[in-house]
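Start counting the sequence shown at 52; every next residue gets the next number (the working numbering).
Ideal placement from N, C-alpha and C gives every residue a C-beta, glycine not left out.
Computed from a predicted model, the values in this text were never measured in an experiment.
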Amino acid sequence: MGLQRTREYLLSLPRVQETLQWDLFVYWVGDKAVGGKMFAALEPEPGQAQVMSFAVPPEHFHDLLETDGVRPAPYLARAHWVAVADWTVFSERELHTHLHNAYQRVEEKLPPRTQRLLLLPDREYRAAVREGRGAHKPSSARPKTKGISPAT
């Protein structure tokens, strides 16, 4: 298993979005514009200290840390994320299972409104994402200064 095959697998999961943030490929259950949450991150550059990190159910966190090549994920260990040192730590089947479990764990914890949005037909979901992204953009219009005259 490698970077490209893992990316393809992650993008095959329902409503998964990929973004490039913090110099990582970050995978979200749902678009973050509508309340989606991240569940995995892949390192795009070879030779780094880890190749990926992902969310783990709390009851499996310490068991996974017993695996050679798995350690607590920097900055996210308190949220039960693990980091994987290289592509040989898990077989393809094991990795798919762990990533699917990460996806499910995060999906189950999404707010009810976001969960309902994920169930919408594609066209309505895309419209909700566009609307969500538009809500975060600053207005280009100048602020109104009612009752204030410009300084002369």
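Report buried or exposed for residue i, applying the criterion of at least 16 other Cβ atoms within 10 angstroms of its Cβ.
i           : result
residue 57  : buried
residue 185 : exposed
residue 143 : exposed
residue 131 : buried
residue 158 : buried
residue 113 : exposed
residue 92  : buried
residue 66  : buried
Quick one: what's got a C-beta closer than 6 Å to residue i's C-beta in the same chain, skipping five residues either side?
i           : result
residue 82  : 68, 180
residue 183 : 84, 85
residue 79  : 68, 87, 89
Taking 8 Å as the limit between beta carbons, can you name the residues of its chain near residue i, skipping five residues before and five after?
i           : result
residue 108 : 131, 152, 156
residue 164 : 86
Thinking residue i and residue j are a contact (beta carbons under 8 Å), I'd like their distance in whole angstroms, please.
i           : j           : result
residue 133 : residue 122 : 7 Å
_Stretch pair the stretch 111-131 + the stretch 55-72: three plus CB contacts closer than 8 Å_ = Taking 8 Å as the limit for Cβ pairs, the verdict is that the stretch 55-72 does not touch the stretch 111-131.
*Can you find at least 3 beta carbon pairs, one from the stretch 95-111 and one from the stretch 126-133, that sit closer than 8 Å?*
Three or more Cβ pairs closer than 8 Å define a contact, and the stretch 95-111 meets that threshold against the stretch 126-133.
*If you scan the stretch 75-117 from start to end, which runs of the alpha helix (DSSP H) of 4 or more residues do you find wholly inside it?*
The stretch 75-117 contains these whole alpha helix (DSSP H) runs: 109-116.
*Write down every uninterrupted run of the beta strand (DSSP E) in the stretch 122-185 whose length is 3 residues or greater and which is fully enclosed by it, in chain order.*
Correct list: 132-135.
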